[in-house]
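The structure under discussion appears below in the form of structure tokens.
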Amino acid sequence: MATIAPPEDPEADPRLRTVFDDIRAIRGSDFVHNVWRYPAFDSALLGEVWRETKAVMATPSTLDAKLKEMIYAAVSIANDCDYCTHSQLAAAKARGMTPAEHADLLRVVAAAARTNALLNALRPPVDAAFLVAGR
Numbered sequence: 115m116a117t118i119a120p121p122e123d124p125e126a127d128p129r130l131r132t133v134f135d136d137i138r139a140i141r142g143s144d145f146v147h148n149v150w151r152y153p154a155f156d157s158a159l160l161g162e163v164w165r166e167t168k169a170v171m172a173t174p175s176t177l178d179a180k181l182k183e184m185i186y187a188a189v190s191i192a193n194d195c196d197y198c199t200h201s202q203l204a205a206a207k208a209r210g211m212t213p214a215e216h217a218d219l220l221r222v223v224a225a226a227a228r229t230n231a232l233l234n235a236l237r238p239p240v241d242a243a244f245l246v247a248g249r
């Protein structure tokens with residue numbers, strides 16, 4: 115259940131309309147997801163979240179778009195964000211994630227979750243070889 119209602123007509127505010135237009139342009143779709151509609155109760159918040167997301171997810175980098183979506187999905191699973199898990203897996207599939215890659219992704223998530231839980235319980239010291247110099 116939502117903790118806040120989205121604005122009824124967010125595009126009546128020119129600041130929100132500008133962000134929504136940019137979202138449409140970058141995503142190549144007229145559909146503006148709830149992930150953007152709900153933070154629109156505050157135009158500054160929406161703008162900040164969109165700018166950061168666009169800078170990371172829509173700007174070419176050393177990671178390809180499909181891998182970025184898969185990483186985002188894995189973090190969303192770990193953070194128990196149902197909305198993000200569904201939307202990022204859909205985005206990864208739209209960018210070519212195969213059923214085999216999806217299964218591999220879930221194997222990695224499951225292995226990491228189990229190992230993380232075990233090591234959080236055991237609290238072994240971090241090996242010096244894994245520490246950044248100066249720490």
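For the sequence shown, the residue numbers in my numbering are 115 to 249.
Don't be surprised by glycine CBs; every beta carbon is placed ideally from N, CA and C.
None of these values were measured; they are calculated from a predicted model.
One thing to note: Glu183 has its Cβ within 9 angstroms of the Cβ of Met171.
The DSSP assignment places 128 to 141, 148 to 151, 157 to 167 and 179 to 192 as complete runs of the alpha helix (DSSP H) inside the segment 116 to 203, in order along the chain (cut-off: 4 residues).
For the set Asp135, Arg151 and Gly142, the Cα lying nearest the Cα of Asp123 is the one of Arg151.
Taking 8 angstroms as the upper bound for CB-CB distance, Thr199 and Ala187 are in contact here, some 6 angstroms apart.
The straight-line gap separating the alpha-carbon atoms of Glu215 and Arg221 is approximately 10 angstroms. Ala226 sits in a helix when the DSSP states are folded into three classes. Ala206 places its beta carbon 9 angstroms or farther from that of Lys168. Going by beta carbons, Ala227 and Ala204 fall outside the 9 angstroms limit.
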